[in-house]
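Chemist: Would you mind keeping the following structure in view while I ask a few things?
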Amino acid sequence: MPLDFSRPAVLALHYQNEVLHPDGKFAFGVAGDGAAQPAVVRGARGLLDLGRRRRWPLVHVRIAYRPDFSDVTQNCAIFRTVVAQAVMADGSWGAEFLEELAPLPGEAVVTHNRVNAFFRSGLEAMLDAMRPSLLLVGGVATNSVVEHTVRHATDLGWHSAVVEDACGAASPAVHAAALHNLRLLAEVCRLDEIRRLADGWKREAR
868 MPLDFSRPAV
878 LALHYQNEVL
888 HPDGKFAFGV
898 AGDGAAQPAV
908 VRGARGLLDL
918 GRRRRWPLVH
928 VRIAYRPDFS
938 DVTQNCAIFR
948 TVVAQAVMAD
958 GSWGAEFLEE
968 LAPLPGEAVV
978 THNRVNAFFR
988 SGLEAMLDAM
998 RPSLLLVGGV
1008 ATNSVVEHTV
1018 RHATDLGWHS
1028 AVVEDACGAA
1038 SPAVHAAALH
1048 NLRLLAEVCR
1058 LDEIRRLADG
1068 WKREAR
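According to the numbering used here, the sequence shown holds residues 868 to 1073 in order.
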């Protein structure tokens, strides 16, 4: 299915210190992977820059918990790890956006506290108001918030394109497996392909 670039929006998921900064300690991200981390940051920055140049809406999604972690449901390994490592507390350095990927004034920010970015976050209502033709999704980790969120977006009727080089996971194998799953639910493209397709759409629109 051709991608509709008439009204795209960029969905940037968890570009936060704890999962992307070299000093971050959340094992489900790529902060500890010296090879992957710079590449993911470059891809994410490229996606954000593209959206800003094109004046597409940007929605930055952050995960954060109460300082006492009383809002964490410890029903699975990832949430138990949050509490055990005391990561992503609201107001902490780890929950802040990575400096080079931080929102600019006027860009939308959504906070949530589950794996799926839509869960009780207001994201669905925000997108309903925007009515984007396409969601361009990047984030960390590919197998966690990206996959969960795109699955939910598909069920809600949105058309998504996952920008694979703006995503990352704890290992290349996990990243690749998640992208394999996502190809059944969304388009999976590299950033240079998104640029090319957007350029082609602009020429056709003239």
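Where a beta carbon is used, it is the ideal one built from N, C-alpha and C, also for glycine. These numbers come from a predicted model, not from an experiment.
1. Taking only three categories from DSSP, how would you classify Pro999?
2. Relative to the C-alpha of Pro970, which residue among Leu880, Arg1018, Asp938 is closest?
3. Would Ser1027 and Val1004 qualify as a contact pair, given that the criterion is a beta-carbon distance under 8 Å?
4. In three-state DSSP terms, what is Gly910?
5. For Ser937, is the classification buried or exposed, using 16 other Cβ atoms within 10 angstroms of its Cβ as the cut-off for buried?
6. Which word fits Asp929, buried or exposed, when buried means at least 16 other C-beta atoms lie within 10 angstroms of its C-beta?
7. I believe Leu917 touches Leu925 by the beta-carbon criterion, under 8 Å. Please report the beta-carbon distance rounded to the nearest angstrom.
8. Given a threshold of 16 other Cβ atoms within 10 Å of its Cβ, counted over all protein chains shown, does Arg922 qualify as buried or as exposed?
9. Among residues of its own chain, excluding the 5 on either side of Val1012, which ones have a beta-carbon nearer than 8 Å to its beta-carbon?
10. What is the DSSP secondary structure of Pro875, reduced to helix, strand or coil?
11. If you scan the region 903 to 969 from start to end, which runs of the beta strand (DSSP E) of 3 or more residues do you find wholly inside it?
12. Distance, Cα to Cα, Glu1060 vs Ala975?
13. Does the beta-carbon of Met955, which I'm using as the reference point, lie nearer than 7 Å to any heavy atom of the ligand MG?
14. Please determine, among Ala996, Ser1000, His888, the residue with the shortest C-alpha to C-alpha distance to Thr1021.
15. Extract the residue ranges of the beta strand (DSSP E) inside the region 997 to 1067, only unbroken runs of 3 or more that lie entirely within it.
16. Which residues in the same chain as Gly891 place their Cβ atom closer than 7 Å to its Cβ, once the five residues preceding and following it in sequence are excluded?
17. What residues match up with Leu880 in a beta bridge as DSSP calls it?
18. What separation, rounded to the nearest whole angstrom, lies between the Cα atoms of His1047 and Ala1033?
19. Relative to the C-alpha of Leu1058, which residue among Gln941, Ala953, Val908 is closest?
20. Going by the beta-carbon positions, is the gap between Val1017 and Ala1053 smaller than 8 Å?
21. Among residues of its own chain, excluding the 5 on either side of Phe964, which ones have a beta-carbon nearer than 8 Å to its beta-carbon?
22. Using C-beta distances below 6 Å, list every residue in its chain close to Trp1025, excluding the 5 sequence neighbours before and after it, in chain order.
Modeler: According to the structure shown:
1. Position 132 of the sequence shown, counted from the start, is the residue given in the question as residue 999. The answer is coil: DSSP assigns Pro999 none of H, G, I, E or B.
2. Here residue 970 is taken as the residue at index 103 of the sequence shown, counted from 1. Checked all of Leu880, Arg1018, Asp938; the closest Cα to Pro970 is Leu880.
3. Against the sequence shown, residue 1027 aligns to sequence position 160. Against the sequence shown, residue 1004 aligns to sequence position 137. For Ser1027 and Val1004, yes; Cβs fall inside 8 Å.
4. If you number the sequence shown from 1, residue 910 lands on position 43. In this structure, Gly910 counts as helix in the three-state DSSP scheme.
5. Taking the sequence shown and counting its residues from 1, one reaches residue 937 at position 70. Answer is exposed; the Cβ neighbour count stays below 16.
6. Here residue 929 refers to the residue found at position 62 of the sequence shown. Looking at the sequence shown, residue 929 is not Asp but Arg. It counts as buried.
7. Stepping through the sequence shown from its first residue, residue 917 is reached at position 50. Stepping through the sequence shown from its first residue, residue 925 is reached at position 58. Going by Cβ atoms, the distance from Leu917 to Leu925 rounds to 10 Å, so no, they are not a contact pair.
8. On the sequence shown, residue 922 is found 55 positions in, with the first residue counted as 1. Result: exposed.
9. Residue 1012 sits at position 145 when you count from the first residue of the sequence shown. Listed in chain order, the non-local C-beta contacts of Val1012 below 8 Å within the same chain comprise Leu880, His881, Val928, Ile930, Val982, Asn983, Ala984, Gly1006, local neighbours out to five positions each way being set aside.
10. Within the sequence shown, the letter at position 8 stands for residue 875. Here Pro875 sits in strand by DSSP.
11. DSSP runs (the beta strand (DSSP E)) wholly in the region 903 to 969: 925 to 930.
12. The residue you call residue 1060 lines up with position 193 of the sequence shown. The residue you call residue 975 lines up with position 108 of the sequence shown. For Glu1060 and Ala975, the distance between alpha carbons rounds to 25 Å.
13. Ligands displayed in this structure: none; no statement on the ligand MG is therefore possible.
14. In the sequence shown, residue 1021 corresponds to position 154, counting from 1. Minimum Cα distance to Thr1021 is reached at Ser1000.
15. For the region 997 to 1067, whole beta strand (DSSP E) runs of length 3 or above, ordered along the chain, are 1001 to 1007, 1027 to 1035, 1054 to 1056.
16. Position 24 of the sequence shown, counted from the first residue, corresponds to residue 891. Correct list, in chain order: Asn884, Glu885, Ala898, Gly961.
17. Here residue 880 refers to the residue found at position 13 of the sequence shown. DSSP lists Val928, Gly1006 as partners of Leu880.
18. Mapped onto the sequence shown, residue 1047 falls at position 180. Mapped onto the sequence shown, residue 1033 falls at position 166. Taking C-alpha positions only, His1047 is separated from Ala1033 by approximately 16 Å.
19. Residue numbering aside, residue 1058 sits at position 191 when the sequence shown is read from its first letter. Leu1058 has its Cα closest to that of Val908, out of Gln941, Ala953, Val908.
20. Counting from 1 along the sequence shown, the entry for residue 1017 is found at position 150. Counting from 1 along the sequence shown, the entry for residue 1053 is found at position 186. Yes.
21. As a position in the sequence shown, residue 964 is number 97, starting the count at 1. Setting aside the 5 residues that flank it on each side, Phe964 is surrounded in the same chain by Tyr882, Gln883, Asn884, His927, Arg929, Pro970, each with a C-beta closer than 8 Å to its C-beta; the list follows chain order.
22. In the sequence shown, residue 1025 corresponds to position 158, counting from 1. Within the same chain, Cβ atoms closer than 6 Å to the Cβ of Trp1025 are found at Leu1002, the five residues on either side in sequence being excluded.
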